[in-house]
Amino acid sequence: MKKIIMSLFIAAFAVLCVPSLHAADSAEGYWKSIDEKGKITAYWKMWVQGGELRGTIVKVPNQVDSTLCTECKNDSAGFYNQPIIGTTWMWGFKKDGDKWTKGKIVDSGKGDVYWASVRVIDGGNSVEMRGSIDRWGMAGKTQIWKRSNEAEAKAGKAN
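Counting the sequence shown from 1 gives a position; my numbering is that position plus 526.
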């Protein structure tokens, strides 16, 4: 009887813990983008749809939720006057080993579209977001985004 109870306990533990371990190493979830000065610029939600990683802004600290992308002057990308909150600003990322590559990200403050890659680091607590003007990532910059959660993202507090 002890063996059966122990086996059930181990099975229950495995069922409860394995999905959460997988989720910790996933790019899916809520993130805070942080600039070079350590300032939170936005809260994001990333998800996988049809095999590609996508992302939208959930909240921008100190900005009205109804703000539109009036600075998106390059309307060939179709982002002029789109809402900052809820528009898909990241798309096309394909899984490539330990990172997501060949995606695009829009700077919602300017409307510029960049090639981008995402790699989960720090045990799933951060992502390395690399944006570049070239497809290979040679001419660009890298930011480290920190994991967040839905409540924090929707509150959208600045630091």
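For glycine and all other residues, C-beta sits at the position ideal for the given N, C-alpha and C.
Residues that DSSP places opposite residue i in a beta bridge
i, result
"residue 619", "579"
"residue 574", "579"
"residue 585", "569"
"residue 555", "572"
Contact belief for residue i with residue j at Cβ below 8 Å, rounded distance in angstroms
i, j, result
"residue 610", "residue 643", "That pair is no contact at about 23 Å."
"residue 666", "residue 658", "3 Å"
CA nearest to the CA of residue i, picked from the options
i, options, result
"residue 636", "568, 683, 666, 599", "599"
"residue 655", "632, 676, 677", "632"
"residue 560", "552, 553, 608, 570", "570"
"residue 652", "668, 664, 660, 659", "668"
"residue 685", "648, 567, 619, 595", "567"
"residue 681", "552, 596, 584", "584"
"residue 660", "616, 650, 679, 629", "629"
"residue 616", "562, 639, 683, 555", "639"
Cβ of residue i within 8 Å of any chain B Cβ
i, result
"residue 588", "The chain inventory of the structure shown lacks chain B, comprising one protein chain alone."
Check: With contact counted as at least three CB pairs below 8 Å, one residue from each stretch, are the region 587-597 and the region 616-625 in contact?
Finding: no
Next item on the list: Spell out a yes or no on whether the region 666-673 and the region 573-582 are touching, meaning 3 or more CB-CB pairs, one atom from each, closer than 8 Å.
Entry: no
Notebook entry, point to check: Can you list the beta strand (DSSP E) stretches of 3 or more residues lying completely in the region 603-674, in chain order?
Noted result: 614-622, 625-632, 639-647, 652-658, 666-673
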